[in-house]
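Shown next as structure tokens:
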């Protein structure tokens, strides 16, 4: 079965991770633009980050047989930094138009400030203009309230709910999201957010419709194989293959295909490590490239 | 619009849906006045026009030469024809300063097919020598498509590169397996120093018991003739 990790920050991961993910059946990933662990000090660093998401990281993934797509946005945390917020919003139109961009995101709330709300609304308008779906981050603190406010904001902006994916859900927020027309994603983490057995219970209870699972793996303690591990536990727990395929392949494809830009997703890129990118190969001296004909 | 922009633009409609052809016509009309319209159109052209190879008819090939292209755009994708037309139409009427600024912007802020299209039309902009820095920078790319867009079937390097940059480009073609026969103006620009560099590369390959690319002989022969 083909697997899709619809939220993973590959710029923070190694080539070993790419190899392990491909071996475990992952053929496509979506990498949302987010914060890098420490605040950035000027919009220019966002620009180079966006360029790496549509360029180098996309190429790096293809070298391991994985299709890489991304979502671009001013993230909620840094929406609070007036030194970067407006500059990044000005950059976005040009980058949202580029190949490989399948949604606006991560937008949403972190501290639930007026600045976060302004950035959220401005980016819903950008999504409308560029006909893109939206990936919405929900906060760690006061999650239920943050989720309710996100759903309310989407409704007030009259943004189509079928184009919205609410991320990082828990037992308490999933029913709220399913009651709206939005899609619901779950981040399976080693210690926080959601774990594999709880995810199996949620799919058993609510079924697979509009439900997605991701690893949200990044530079912190996280696991890029949480998608295949959760799929395996669902199988062991006796869930139907069709249910598993809906959660791990059909739903992420259906959601992001609404961008009209999820090109060639069903087909793994042909590995050609002899290709180089921007002066750098992913190989180091002495390794022989893998080339599939 | 200049003749080459018109020619490149004319290759698109027969190969795309009517809506995509209209999209390009609208973008071409707006791009010389509106900077953001140009940048957004160049970014989106890949998805809107598709990336299949153009596969020119004999008449189209002749038309391209007639319009002033040194090599017809046989190796280009439909997106690159559209992007090339947008760059020429959007930049030609502007001031030299604006043009230089936009060339750098389109290169450094473009993903790699955007860069390829820009490089392929660089020689056909007014005062093309102003963009030497970007053209030489493109040779440092190891995305083979980007490197070949400047090095192969492109009149720019032979017309404008200083000898050291031209020689580095030819050596890189040998390294990366781009056939040197695809380098426009190679015979005219071959020089003794290039032959020396090629010989050095051949000897390094022999010392490592690796095969020597057959193209090296051609460089050596051309270089000796110049010396």
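Residue numbers (my numbering), protein chains in the order written: chain Y, -14 to 278; chain A, 43 to 269.
Cβ coordinates follow ideal geometry from the N, Cα and C atoms, glycine included.
How big is the Cα-Cα spacing for residue i and residue j?
i, j, result
"residue 53 of chain A", "residue 247 of chain A", "43 Å"
"residue 48 of chain Y", "residue 180 of chain A", "22 Å"
"residue 219 of chain Y", "residue 248 of chain Y", "29 Å"
"residue 218 of chain A", "residue 130 of chain A", "30 Å"
"residue 113 of chain A", "residue 229 of chain A", "16 Å"
"residue 254 of chain Y", "residue 3 of chain Y", "13 Å"
"residue 152 of chain A", "residue 44 of chain A", "24 Å"
"residue 191 of chain A", "residue 121 of chain A", "14 Å"
"residue 146 of chain A", "residue 176 of chain A", "6 Å"
"residue 187 of chain Y", "residue 217 of chain Y", "15 Å"
"residue 74 of chain Y", "residue 75 of chain A", "23 Å"
"residue 264 of chain Y", "residue 152 of chain Y", "Caution is warranted here: a pLDDT of 44 is assigned to residue 264 of chain Y, below 50, making its placement in the model unreliable, and no coordinate value can be reported."
"residue 128 of chain A", "residue 50 of chain A", "9 Å"
"residue 216 of chain A", "residue 232 of chain A", "14 Å"
"residue -4 of chain Y", "residue 105 of chain A", "46 Å"
"residue 126 of chain A", "residue 198 of chain A", "15 Å"
"residue 145 of chain Y", "residue 243 of chain Y", "12 Å"
"residue 86 of chain A", "residue 263 of chain A", "45 Å"
"residue 22 of chain Y", "residue 63 of chain Y", "11 Å"
"residue 172 of chain A", "residue 71 of chain A", "25 Å"
"residue 195 of chain A", "residue 225 of chain A", "6 Å"
"residue 93 of chain A", "residue 119 of chain A", "5 Å"
"residue 84 of chain A", "residue 138 of chain A", "20 Å"
"residue 36 of chain Y", "residue 99 of chain A", "36 Å"
"residue 160 of chain A", "residue 81 of chain A", "12 Å"
"residue 271 of chain Y", "residue 96 of chain A", "Low confidence applies here, because residue 271 of chain Y scores a pLDDT of 49, under 50, leaving its location unreliable and the question unanswered by this model."
Here's the rule: buried if 16 or more other CB atoms are within 10 angstroms of the residue's CB, otherwise exposed. What is residue i?
i, result
"residue 279 of chain Y", "Past the edges of chain Y, shown from -14 to 278, lies residue 279 of chain Y, and the structure says nothing about it."
"residue 242 of chain A", "exposed"
"residue 154 of chain A", "buried"
"residue 68 of chain Y", "exposed"
"residue 267 of chain A", "exposed"
"residue 158 of chain A", "buried"
"residue 0 of chain Y", "exposed"
"residue 24 of chain Y", "exposed"
"residue 59 of chain A", "exposed"
"residue 237 of chain Y", "buried"
"residue 33 of chain Y", "exposed"
"residue 226 of chain Y", "exposed"
"residue 95 of chain Y", "buried"
"residue 89 of chain A", "buried"
"residue 67 of chain A", "exposed"
Assuming residue i and residue j are in contact, meaning their beta carbons sit under 8 Å apart, how far apart are those beta carbons, in whole angstroms?
i, j, result
"residue 134 of chain A", "residue 170 of chain A", "About 11 Å separates the two Cβ atoms, so there is no contact after all."
"residue 241 of chain Y", "residue 39 of chain Y", "Not a contact, Cβ separation roughly 15 Å."
"residue 182 of chain Y", "residue 232 of chain Y", "Not confirmed; about 15 Å, so no contact."
"residue 158 of chain Y", "residue 128 of chain Y", "6 Å"
"residue 105 of chain Y", "residue 138 of chain Y", "6 Å"
"residue 122 of chain Y", "residue 93 of chain Y", "4 Å"
"residue 101 of chain Y", "residue 65 of chain Y", "7 Å"
"residue 81 of chain Y", "residue 89 of chain Y", "7 Å"
"residue 198 of chain Y", "residue 52 of chain Y", "Not a contact, Cβ separation roughly 18 Å."
"residue 113 of chain Y", "residue 163 of chain Y", "With 8 Å as the limit, residue 113 of chain Y and residue 163 of chain Y do not qualify as a contact, their Cβ atoms being about 24 Å apart."
"residue 91 of chain A", "residue 117 of chain A", "The pair is not a contact, with the Cβ atoms about 16 Å apart (cut-off 8 Å)."
I want to see whether chain A comes within less than 8 Å of residue i, judged by CB atoms only; does it?
i, result
"residue 250 of chain Y", "no"
"residue 96 of chain Y", "no"
"residue 39 of chain Y", "yes"
"residue 59 of chain Y", "no"
"residue 116 of chain Y", "no"
"residue 28 of chain Y", "no"
"residue 79 of chain Y", "yes"
"residue 111 of chain Y", "no"
"residue 36 of chain Y", "yes"
"residue 82 of chain Y", "yes"
"residue 246 of chain Y", "yes"
Can a CB atom of chain Y be found closer than 8 Å to the CB of residue i?
i, result
"residue 154 of chain A", "yes"
"residue 265 of chain A", "no"
"residue 124 of chain A", "no"
"residue 132 of chain A", "no"
"residue 141 of chain A", "no"
"residue 151 of chain A", "yes"
"residue 255 of chain A", "no"
"residue 180 of chain A", "no"
"residue 85 of chain A", "yes"
"residue 144 of chain A", "no"
"residue 88 of chain A", "yes"
**Prompt:** What residue ranges within the stretch 23 to 98 of chain Y form continuous beta strand (DSSP E) runs of no fewer than 3 residues, ordered along the chain?
**Reply:** 52 to 57 and 86 to 93
**Length-filtered (4 minimum) alpha helix (DSSP H) runs lying within the stretch 99 to 157 of chain A** = Complete alpha helix (DSSP H) runs here, min 4: 100 to 109, 120 to 133 and 138 to 150.
**Item:** alpha helix (DSSP H) runs wholly inside the stretch 153 to 226 of chain A, at least 4 long, in chain order
**Value:** 154 to 163, 174 to 181, 186 to 193, 198 to 202 and 205 to 218
**Asked** Curious, which full-length beta strand (DSSP E) runs of at least 3 residues does the stretch 104 to 146 of chain Y contain?
**Response** 119 to 122
**Request:** Scan the stretch 63 to 92 of chain A and note each continuous beta strand (DSSP E) run of 3 residues or more that stays entirely inside, going in chain order.
**Result:** none
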